[in-house]
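Mapping of the sequence shown onto our numbering: residues 1414 to 1866, in sequence order. For every residue, glycine included, the Cβ atom is placed at its ideal position computed from N, Cα and C. Only a predicted model underlies this, so the values are computations on that prediction, with no experimental measurement involved. The structure appears right after this line, and notes come after that.
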Amino acid sequence: MFWSQWRFGSLGSNTKFLKTIYSSTILGRPTSANMSSKFKNTKRIEGLDENVWIEFTKLAADPSVVNLGQGLPDISPPVYLKEELSKIAAIDCQNQYTRGFGHPSLVKALSSLYGRFYKNQIDPNKEILVTVGAYGSLFSTIQGLIDVGDEVIIIVPFYDCYAPMVRMAGATPVFVPLRSKSVAGEKRSSSDWKIDPKELESKFNSKTKAIILNTPHNPIGKVYTKEELQVIADLCIKYDTLCISDEVYEWLVYTGHKHLKIASLPGMWERTITIGSAGKTFTVTGWKLGWSIGPHHLIKHLQTVQQNTIYTCATPLQEALAQAFWIDIKRMNEPECYFNSLPKMLEVKRDRMVHLLESVGLTPIIPDGGYFIVADVSSLDADVSDMKSSEPYDYKFVKWMIKNKKLSAIPVSAFCNSENKSQFEKFVRFCFIKKDSTLDAAEEIIKAWSKKS
Ligand code: IK2
């Protein structure tokens, strides 16, 4: 007799009931039937359990899959950055806690770098907060400045964490889509995607606390022009609204385009938090360091959130990052400066992806910035009939492609609210900050696939 049969064997009709009690109380494994209400999630995270990165990173983890999904570079970060880190790790005091709002040498470097984009100087101690990635900046900004009952305008498509973060703060996201006037069969550019100023203004009201802007944009690759930023700035001023400007791809802008900071427009510094990321700036996404820059009357509230949540970020990473910034600040006008050399290298990869996708009959949206390219894939032959039917087409398509073609991407509807998903569900996003060998492997898959269809 097995042990379990021995334990439950002679208990007759009560067996099932007793097994349930046993498993929940003795083994400590509650089932949904008997779960204590104390185990339930908080209301603030209700409905937020699905996440595109968790889902698709798991699917792409199979080493036989060529991964053009998550924005995960497989090129090497700058050598001097890695060398700085190994030097610093050997210094005992650099391995202990540092100043909570940002390591002194890093905030100094950031203030020196960003001071040149604004008319005013940036106070390294009062106007900068170093955070756990740009995610940390978004979190402390939204927790520190957005209240229950507020409304926050989000431009669709949007980096997927914006809406859940706004909801966790008890506020309501209000969505406004980018719309494209591109004509079928014509070359498409990310600059074709625009906000309708009238539609945008219709979303502002007395409850509007902030708008979240992302330029250069993930996933479309749009780089907002001065005129477009001015429309947003004018509305922020007219309706006395904050601007949360996610600029993590600020250096990754291609020929003919220029990244502009909305905080540098008249009247915007005092109402804007600008967010950056070491992961995107120096190709070290695993370092998870980011920063928020803005006036002290706003940054002080983000500091309050940080001192009561994570308190501080990793010291050796911050010191190494500071040293790398100083190296590149000193050579900002030279081609070797990483802020100049990385976009140059990526532009070649972007063009390669454009040609590849066009060569198989797709019409990619050519990005002006960032390291993603979006294409309508509905003309590619994919039998998605055995995929979960309730999902948008792009989810089914990418899952099918990972399983059958061993190539991963990210569905663009993951960056949309439910009402706007149908406008984007034919699009998938490919990441091109990849070694040539990775792009070669993707090319082989896509070309072989198009020959069959
Ligand atoms: N904001 C934007 C617009 C981002 O793209 C990211 C990082 N995204 O990368 C994953 C992907 O799109 O595949 C962040 C914020 C977060 O940046 P960090 O890694 O510094 O927290």
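*Is K1674 closer than 8 Å to F1571 when the C-beta atoms are compared?*
Translated into positions along the sequence shown, residue 1571 becomes position 158. Translated into positions along the sequence shown, residue 1674 becomes position 261. Against a cut-off of 8 Å, the Cβ pair of K1674 and F1571 comes out as no contact.
*Going by DSSP, name the residue or residues bridged to V1565.*
Translated into positions along the sequence shown, residue 1565 becomes position 152. Per DSSP, P1586 and A1623.
*Look up V1545 in the DSSP assignment and give the residues it is bridged to.*
As a first step, residue 1545 is located in the sequence shown; it is residue number 132 there, counting from the start. Answer by DSSP bridge pairing, in chain order: L1702.
*Taking buried to mean at least 16 other C-beta atoms within 10 Å of its own C-beta, is S1803 buried or exposed?*
For the purposes of this step, residue 1803 is taken as the residue at position 390 of the sequence shown. Its Cβ having fewer than 16 others within 10 Å, S1803 is exposed.
*Cβ-heavy atom distance between Q1483 and ligand 1 below 7 Å?*
As a working note, residue 1483 is residue 70 in the sequence shown. True, at least one ligand heavy atom lies under 7 Å from that Cβ.
_Measuring straight from C-alpha to C-alpha, what distance separates I1859 and H1709?_
Looking up residue 1859 in the sequence shown gives position 446. Looking up residue 1709 in the sequence shown gives position 296. Cα atoms of I1859 and H1709: separation of roughly 50 Å, rounded to the nearest angstrom.
*Do the stretch 1827-1841 and the stretch 1788-1805 meet, that is, are 3 or more Cβ pairs less than 8 Å apart?*
Judged by Cβ distances under 8 Å, the stretch 1827-1841 makes contact with the stretch 1788-1805, as three or more pairs qualify.
*Flag this pair as yes or no: are the beta carbons of L1626 and Y1784 separated by less than 8 Å?*
On the sequence shown, residue 1626 is found 213 positions in, with the first residue counted as 1. On the sequence shown, residue 1784 is found 371 positions in, with the first residue counted as 1. In this structure, Y1784 does not lie closer than 8 Å to L1626 by Cβ.
*To the nearest angstrom, how far is it from the Cα of W1813 to the Cα of E1468?*
Residue 1813 sits at position 400 when you count from the first residue of the sequence shown. Residue 1468 sits at position 55 when you count from the first residue of the sequence shown. Answer to the nearest angstrom: the Cα atoms are 14 Å apart.
*In its own chain, which residues sit with a C-beta less than 8 Å from the C-beta of F1695, not counting the 5 before and 5 after it?*
Within the sequence shown, the letter at position 282 stands for residue 1695. Cβ contact annotation for F1695 (same chain, cutoff 8 Å, sequence separation greater than five): P1490, P1491, L1494, L1734, A1737 and Y1751, in chain order.
*Determine the extent of the alpha helix (DSSP H) in which L1523 is found, giving its start and end residues.*
Residue numbering aside, residue 1523 sits at position 110 when the sequence shown is read from its first letter. P1517 to G1528 is the extent of the alpha helix (DSSP H) around L1523.
*Which residue's Cα is closest to the Cα of N1538: P1824, G1562, G1557 and R1512?*
For the purposes of this step, residue 1538 is taken as the residue at position 125 of the sequence shown. The shortest CA-to-CA distance from N1538 to any of P1824, G1562, G1557 and R1512 is the one to R1512.
*Can you give me the start and stop residues for the beta strand (DSSP E) that V1761 sits inside?*
Along the sequence shown, read from residue 1 onward, the residue named residue 1761 stands at position 348. Segment Y1751 to S1772 is the alpha helix (DSSP H) holding V1761; no beta strand (DSSP E) there.
*Please check the pair P1780 and E1771, which I expect to be a contact at CB under 8 Å, by giving their CB distance rounded to whole angstroms.*
To locate residue 1780, count along the sequence shown from 1; it is residue 367. To locate residue 1771, count along the sequence shown from 1; it is residue 358. In fact, because the Cβ distance is near 14 Å, the residues do not count as touching under 8 Å.
*For P1805, collect the residues of the same chain with a Cβ closer than 7 Å to its Cβ; drop the 5 residues on either side in sequence, then sort them by chain order.*
Walking along the sequence shown from the start, residue 1805 turns up at place 392. Once the five neighbours on either side are set aside, the close Cβ partners of P1805 are P1824, S1826, K1834 and E1838.
*Might you give, ordered along the chain, the residues of its own chain that have their beta carbon closer than 8 Å to the beta carbon of I1504, omitting 5 neighbours on each side?*
The residue labelled residue 1504 in the question sits at position 91 within the sequence shown. So no residue of the chain qualifies.
_Less than 8 Å between the beta carbons of Q1731 and T1544, yes or no?_
Along the sequence shown, one-based indexing puts residue 1731 at 318. Along the sequence shown, one-based indexing puts residue 1544 at 131. By the CB criterion at 8 Å, Q1731 and T1544 fall outside the cutoff.
*How would you write the range of the beta strand (DSSP E) that C1649 sits in, first residue to last?*
Stepping through the sequence shown from its first residue, residue 1649 is reached at position 236. It is not in any beta strand (DSSP E) - C1649 instead sits in the alpha helix (DSSP H) that spans K1639 to K1651.
*Within 7 Å: the Cβ of G1703 and any heavy atom of ligand 1?*
Working through the sequence shown from its first residue, we reach residue 1703 at position 290. Correct: G1703 has its Cβ closer than 7 Å to ligand 1.
*Taking S1863 as the reference, give the member of C1829, D1794 and D1799 with the closest Cα.*
Here residue 1863 refers to the residue found at position 450 of the sequence shown. With distances taken between Cα atoms, S1863 lies closest to D1794.
_Separation of L1472 from N1533, as counted between CA atoms_ = Mapped onto the sequence shown, residue 1533 falls at position 120. Mapped onto the sequence shown, residue 1472 falls at position 59. One C-alpha to the other measures close to 47 Å.
_Neighbour-count burial assignment, C1506, 16 or more Cβ in a 10 Å radius_ = Reading the sequence shown from its first residue, position 93 is the one you call residue 1506. Answer is exposed; the Cβ neighbour count stays below 16.
*S1658 lies in the beta strand (DSSP E); which residues open and close that run?*
For the purposes of this step, residue 1658 is identified with residue 245 of the sequence shown, where counting begins at 1. Unbroken beta strand (DSSP E) run through S1658: L1655 to D1659.
*Relative to the C-alpha of K1594, which residue among V1587, D1605, F1588 and K1600 is closest?*
Here residue 1594 corresponds to residue number 181 of the sequence shown, with the count starting at 1. Ranked by Cα distance from K1594, the first of V1587, D1605, F1588 and K1600 is D1605.
_Distance between beta carbons of L1655 and K1622, contact taken as under 8 Å_ = Counting from 1 along the sequence shown, the entry for residue 1622 is found at position 209. Counting from 1 along the sequence shown, the entry for residue 1655 is found at position 242. Right, their Cβ atoms sit about 6 Å apart.
*asked:* Do V1569 and G1782 have their beta-carbon atoms positioned less than 8 Å apart in this structure?
replied: Indexing the sequence shown from 1 puts residue 1782 at position 369. Indexing the sequence shown from 1 puts residue 1569 at position 156. No, the pair does not count as a contact, with Cβ atoms beyond the cut-off.
*asked:* Does the stretch 1443-1460 come into contact with the stretch 1577-1589, if we say contact requires no fewer than three beta-carbon pairs (one atom in each stretch) closer than 8 Å?
replied: Result yes; three or more Cβ-Cβ pairs closer than 8 Å.
_Considering only heavy atoms of ligand 1, does any lie closer than 7 Å to the CB of A1473?_
To locate residue 1473, count along the sequence shown from 1; it is residue 60. Checking every heavy atom of ligand 1 against the Cβ of A1473, none is found closer than 7 Å.
*asked:* DSSP has T1728 in a bridge; who is on the other side?
replied: Locating residue 1728 in the sequence shown gives position 315, where the first residue counts as 1. BP columns for T1728 are empty, so no partner.
_N1817 versus I1846: straight-line alpha-carbon distance, rounded_ = Along the sequence shown, one-based indexing puts residue 1817 at 404. Along the sequence shown, one-based indexing puts residue 1846 at 433. C-alpha separation (whole angstroms): 23 Å.
*Thinking C-alpha only, which one of I1559, D1487 and L1775 is nearest K1600?*
Here residue 1600 refers to the residue found at position 187 of the sequence shown. When each option's Cα is compared against that of K1600, the closest is L1775.
*Run the CB neighbour count on A1474, radius 10 Å, all protein chains shown included, and call it buried at 16 or more, exposed below.*
Against the sequence shown, residue 1474 aligns to sequence position 61. By the 10 Å Cβ count, A1474 comes out exposed.
*Identify whether I1434 lies in helix, strand or coil by the three-state DSSP scheme.*
Residue numbering aside, residue 1434 sits at position 21 when the sequence shown is read from its first letter. Its pLDDT being 48, under 50, I1434 is placed unreliably in this model, and the value from its coordinates should be taken loosely. Shown here, I1434 sits in a helix according to DSSP, grouped into three states.
*Alpha carbon to alpha carbon, what distance is there between D1849 and R1765?*
One-based indexing of the sequence shown puts residue 1765 at position 352. One-based indexing of the sequence shown puts residue 1849 at position 436. Cα-Cα distance, rounded: 10 Å.
*The beta strand (DSSP E) spanning R1842 covers which residue range?*
On the sequence shown, position 429 is the one that residue 1842 refers to. F1840 to C1844 is the extent of the beta strand (DSSP E) around R1842.
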